[in-house]
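As they're listed, the protein sequences go chains A and B.
Following the working numbering, the numbering of the first sequence begins with 676 at its first residue and continues without gaps.
Following the working numbering, the numbering of the second sequence begins with 28 at its first residue and continues without gaps.
The beta-carbon is built from N, C-alpha and C at its ideal position, and this holds for glycine as well.
From a predicted model like this one, the values you see are computed outputs, not experimental measurements.
Beneath this line is the structure, given in structure tokens, with notes to follow.
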Amino acid sequence: MTDTTSAQLNQHLRTPDLFGSASGRIITLVFMVILLCVPLAAHFLGVRLQLVSLDFITRILCLAIAAVSLNLILGFGGMISFGHAAYIGIGAYCVGIPAYHGYESGWLHFPLAIFASAAFALVTGAVSLRTKGVYFIMITMAFAQMGYYFFLSLDEYGGDDGLTIYSRSMFNIINIENKLVLFLVTYACLVASIYAVYRIVNSRFGMVVRGCQSNEARMKALGYNTYAYKLTAYVIAGGMCGLAGALLGNFTTFISPDMMGWSRSGELMFMVILGGTGSLFGPVFGAVTFVFIEELLSTFTTYWALPFGVLLVLSVLFIKGGLNGLIQRGWRRD
Amino acid sequence: MLKVSGLETFYGTSQALFGMTFDVNSGEVVTLMGRNGMGKTTTINSIIGIVPPSSGSIEFAGHEVSKLASFKTANLGIGLVPEGRQVFPNLSVRENLVATASNHQKLDDPWTIEKVYAMFPELELRATSMANLLSGGEQQMLAIGRALMTNPRLLVLDEATEGLAPLIREKIWAALADIRKSGLSILLVDKNLKDLLKLADRHFIVEKGQVVWNGTSAQLSKAEDVQHRYLGV
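Shown next as structure tokens:
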């Protein structure tokens, strides 16, 4: 392909329904603005409502980044990873362990979190992607559980009891000790993650990965080493989720192996499915809704998990395309 | 260009090909004909590496490809239009073409998206439509365009016009005639004898996993007993 032709090929490419209808775009934009402005307003006006506090929304944003990264492989690549929370744990420990040893630079923590998660994804993905279907699901879960038990065995870093981070990552230009700054940084990271996924899925690389989702054998027969493409996407998603883990570790200032348990991976998967797989903003809708409902129900009953489960089952059964689908087309069952 | 000899392929314990042997020369249009279930699609899937053969050889452009992964075989210059079209339903028309664009053979005048659109203007009109929303004819055009975008040396079409309306079939045959003029070799599986006789140079008739007759279009058009016995004409 000549350079000119390649450039021409990459022009004006955008997946037609990635942003959906005009009204859907407006709702999405308004939603993202609310997600930014409401906690800021609550903070400056001194509103003491938990559901709009900076802390609560920052936690949601961290999980949203993780869900966005999972959506890259699950929603666009058809790789149903049941071990994605492992990268959250690795990212968080990449903040906690250096901080424990007195290395508090964010310039060390964050690149380390991204690269360590990406490296774990490379090793585990290289094996996992040789399997398909239910075997892939089980092997990704098995690898994540291996990570879980690895950190559980590290008595030096708290083992099962976890590890307290006494000082958040230090950057010389921004101070994320300040919760307002941490919120803004996390929000910026979420927007950057969504943009990164947008660019990836609209690139030729992303098209090949998406093509693999519908017919991998055909993509292979057209000349693509699909294994390498899927592994690359898997590694990118792992690195992105490691970033979410580093942010979450900084936010909670306490890390434990529980962050990477299989139930956490299930929650991430549910956020993606609830929000709408294969959509740009779906995972954000899913993460926000998931955590909000969880929080609301837990204020009414100790057994919040039961009605929560029923609600989630109903939403999957009756909302085609998840919340994003609902936003894009309204309550129209087509 | 393509030389298939003694190919034997199994699905589990069931043997589908019994020493399939044929060849395609450079610039030639060759057909594989026969009734359903005789091994035509298996032959093509074995060539491209989707169903690897257990024995026999497949030589393409000087390379033995019978043990190669399908993407490596494709990159040597085989462009496949599979049976049932199999376009990527979750990609738009344009994305289907762009995703597969390559020029591993370093052709001086490669196929581009503009050339594909010129051959099939219907695709340009539906460029941003998702591929699963196209009609069967449009999907077949897209599948051909997608294979051309890989800039192959050999275009392989499995059931090129199966299930298409007569008008669409004519368009596909006209497009294949144009592709032929460009010098591209074509291996074709189809059942429309009349059209195949016009387009192709040589024919191989397949029965129970092996070639039972081969000859030129002139020979086949005269061999009425062959047509009757193996093609049910």
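Check: Cross-strand partners of B/Ile105 (DSSP beta bridge); Outcome: B/Leu181
Check: Enclosing alpha helix (DSSP H) for B/Asn52 [first to last residue]; Outcome: Here B/Asn52 belongs to no alpha helix (DSSP H), and DSSP marks it neither H nor E.
Check: Residues that DSSP places opposite B/Ser41 in a beta bridge; Outcome: B/Tyr38
Check: Rounded C-alpha distance that separates A/Arg843 from A/Leu955; Outcome: 30 Å
Check: Pick from A/Gln725, A/Tyr823 and A/Ser990 that is closest to A/Gly766, judged by C-alpha positions; Outcome: A/Tyr823
Check: Inter-residue Cα distance where the pair is B/Gln42 and B/Gly76; Outcome: 16 Å
Check: Where B/Arg256 sits in the DSSP three-state scheme; Outcome: helix
Check: For B/Gly83, three-class secondary structure by DSSP; Outcome: strand
Check: Residue-level contact to chain B via CB, A/Met882, 8 Å cutoff; Outcome: yes
Check: Which of helix, strand or coil DSSP assigns to B/Met28; Outcome: coil
Check: C-alpha distance - A/Gly800 paired with A/Ile772, whole-angstrom precision; Outcome: 25 Å
Check: Coil, strand or helix - A/Val991 by DSSP; Outcome: helix
Check: Contacts around A/Ala791, its chain only, beta-carbon distance under 7 Å, and the 5 residues preceding and following it disregarded; Outcome: Ile765, Cys769 and Gly917
Check: Touching by the beta-carbon criterion (3+ pairs, under 8 Å), the segment 744 to 760 of chain A and the segment 812 to 819 of chain A; Outcome: yes
Check: Under 8 Å between C-beta atoms of B/Leu29 and B/Asp50; Outcome: yes
Check: Distance cut-off 7 Å: A/Lys905 Cβ against heavy atoms of the ligand NAP; Outcome: Inclusion of the ligand NAP in the displayed structure is not the case, the ligand content being empty and no account of it being possible.
Check: Contacts around A/Leu989, its chain only, beta-carbon distance under 7 Å, and the 5 residues preceding and following it disregarded; Outcome: none
Check: For A/Gly996, the nearest candidate out of A/Val985, A/Ser973, A/Phe967 and A/Gly951 (CA to CA); Outcome: A/Gly951
Check: Cross-chain neighbours of A/Ala892 in chain B, by beta carbon under 8 Å; Outcome: Ile77 and Ser97
Check: Residues of its chain near A/Met845, where Cβ-Cβ distance is below 7 Å and the 5 sequence neighbours each way are ignored; Outcome: Glu779, Ser780 and Gly781
Check: Contact list for the segment 152 to 177 of chain B against chain A, Cβ threshold 8 Å; Outcome: Thr155, Ser156, Met157, Arg173, Ala174 and Thr177
Check: Distance CB(A/Val966)-CB(A/Gly957) smaller than 8 Å; Outcome: no
Check: Counterpart residues of B/Gly242 in DSSP-defined beta bridges; Outcome: B/His230
Check: Nonlocal neighbours in the same chain, by C-beta distance under 6 Å from B/Ile232, ignoring five residues either side; Outcome: Met60, Gly61, Val239, Trp240 and Tyr257
Check: Outcome for A/Cys712 when other beta-carbon atoms lying within 10 angstroms are tallied against a minimum of 16; Outcome: exposed
Check: Proximity test, Cβ basis, 8 Å: A/Asp1009 and chain B; Outcome: A caution first: A/Asp1009 carries a pLDDT of 46, below 50, which makes its placement in the model unreliable, though a value can still be read off. No - not a single Cβ of chain B is within 8 Å of the one on A/Asp1009.
Check: Residues sharing a beta bridge with A/Phe929, DSSP; Outcome: A/Thr839
Check: Opposing strand residues paired with A/Gly820 [DSSP bridges]; Outcome: It is Gln, not Gly, that sits at residue 820 of chain A in the sequence shown. Bridge partners of A/Gln820: none, in fact.
Check: Buried or exposed by the 16-neighbour rule on C-beta atoms within 10 Å, applied to A/Ile709; Outcome: exposed
Check: Rounded straight-line distance, which links the Cα of A/Gly914 to that of A/Leu787; Outcome: 10 Å
Check: For B/Thr58, the nearest candidate out of B/Gln237, B/Val183, B/Gly190 and B/Ile140 (CA to CA); Outcome: B/Val183
Check: Within-8 Å CB hit, A/Ala682 to chain B; Outcome: Note on A/Ala682: pLDDT 49, under 50, position unreliable in the model; no value is reported.
Check: 7 Å Cβ cut-off: residues of chain A touching B/Asn117; Outcome: Arg885, Gln888 and Ser889
Check: Cβ-based burial, A/Pro714 [other Cβ within 10 Å; buried from 16]; Outcome: buried
Check: Exposed unless 16 or more other CB atoms sit within 10 angstroms - verdict on A/Asp821; Outcome: Note on identity: in this sequence residue 821 of chain A is Met, with Asp being the wrong assignment. A/Met821 should be labelled exposed.
Check: Where the segment 819 to 831 of chain A meets chain B: residues whose CB sits under 9 Å from a CB there; Outcome: none
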